[in-house]
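Notes follow once the structure below has been shown.
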Amino acid sequence: SQQGEEDPQALSIQEGENATMNCSYKTSINNLQWYRQNSGRGLVHLILIRSNEREKHSGRLRVTLDTSKKSSSLLITASRAADTASYFCATGRNSGNTPLVFGKGTRLSVIA
Amino acid sequence: DAGVTQSPTHLIKTRGQQVTLRCSPISGHKSVSWYQQVLGQGPQFIFQYYEKEERGRGNFPDRFSARQFPNYSSELNVNALLLGDSALYLCASSPAPFSGGSQRELFFGEGSRLTVL
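For the record, the sequence lines run as chains L and D.
The opening residue of the first sequence carries number 1 in my numbering; numbering runs sequentially from there.
The opening residue of the second sequence carries number 113 in my numbering; numbering runs sequentially from there.
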């Protein structure tokens, strides 16, 4: 079963605009990660935020985490056509060998 | 350095057949995880192997099996294929046993696209 739910399912913006994707999850987590997937290819890790962190930046990416609301957001600033991809949040829990659990993803289209 | 490599990239099978998918992890990585991604969905965890031992198994039927070799490469086998097994099968590696709480990233291959007719 999938732990996270991304919102929106699909997002279409113009080049240069900011893109915001949200992720909600159900259980307590140790960390939350965001991955990117170009059309039917492998996933690429973007950023990891720990449960005791509230915000993290990496280049044009900004991730926030609100553990009280069990939600996270990924902001891509000044988007480019090359940012067109699906974006997935994945949650990690502390107990045992629980795997990384992925959401259903947001499909982002950046129009030049 | 080579990333995670998977083969074959695409394959077509018919219902009832069996398929073997292969994965070579990044050099130095000893853990391999397998995920199934159905079109329009997120990846679903199938197996994790570390040092040739199964470290975790997702909610998949016994038709799915895997193994890891001494060189840390891995195979995923699916028997008695069903139409619903059509998916992108992703292999991911990590240096050490991976758990959600380990705060490490997974390194994914490009996947094997399986179509069952």
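For glycine and all other residues, C-beta sits at the position ideal for the given N, C-alpha and C.
Just so it is clear, the structure is predicted and the values come from calculations on it, not from any experiment.
Along chain D, in chain order, which residues have C-beta atoms closer than 8 angstroms to that of PRO99 (chain L)?
SER145, PHE157, GLN160, GLY168, GLY170, PHE210, SER211, GLY212
Comparing C-alpha positions only, which one of L:VAL101, L:VAL110, L:SER109, L:ILE111 sits nearest to THR27 (chain L)?
L:VAL101
What does LYS104 (chain L) touch in chain D if you count any residue whose Cβ is under 8 angstroms from its own?
GLY152, GLN153, GLY154
Using a threshold of 7 angstroms, state whether the C-beta atoms of GLN129 (chain D) and CYS203 (chain D) are closer than that.
no
Which stretch, first to last residue, makes up the beta strand (DSSP E) that contains ASN189 (chain D)?
DSSP places ASN189 (chain D) inside the beta strand (DSSP E), whose first and last residues are 186 to 190.
Name the residue from L:GLY4, L:LEU61, L:TYR35, L:ARG93 whose alpha carbon lies nearest to the alpha carbon of ARG80 (chain L).
L:LEU61
Would you kindly report the start and end of the unbroken beta strand (DSSP E) that includes ASN31 (chain L)?
31 to 37
Starting from ILE76 (chain L), trace the beta strand (DSSP E) both ways and give me its first and last residue.
71 to 76
List, in chain order, every chain L residue whose beta-carbon is nearer than 7 angstroms to that of GLU187 (chain D).
Here the premise fails: no neighbours, minimum Cβ distance about 18 angstroms.
Given a threshold of 16 other Cβ atoms within 10 Å of its Cβ, counted over all protein chains shown, does LEU43 (chain L) qualify as buried or as exposed?
A residue is called buried once 16 or more other Cβ atoms fall within 10 Å of its Cβ, and LEU43 (chain L) is buried on that count.
Less than 6 angstroms between C-beta atoms, sequence neighbours within five positions excluded: which residues of the same chain meet that for ARG36 (chain L)?
VAL44, LEU46, ALA85, TYR87
Quick one: what's got a C-beta closer than 8 angstroms to ASN31 (chain L)'s C-beta in the same chain, skipping five residues either side?
LEU48, ILE49, ARG50, SER51, THR91, GLY92
Cβ atoms of LEU11 (chain L) and THR106 (chain L): under 7 angstroms apart, would you say?
yes
If you measure from the beta carbon of GLY59 (chain L) to each beta carbon in chain D, is any gap under 7 angstroms?
no
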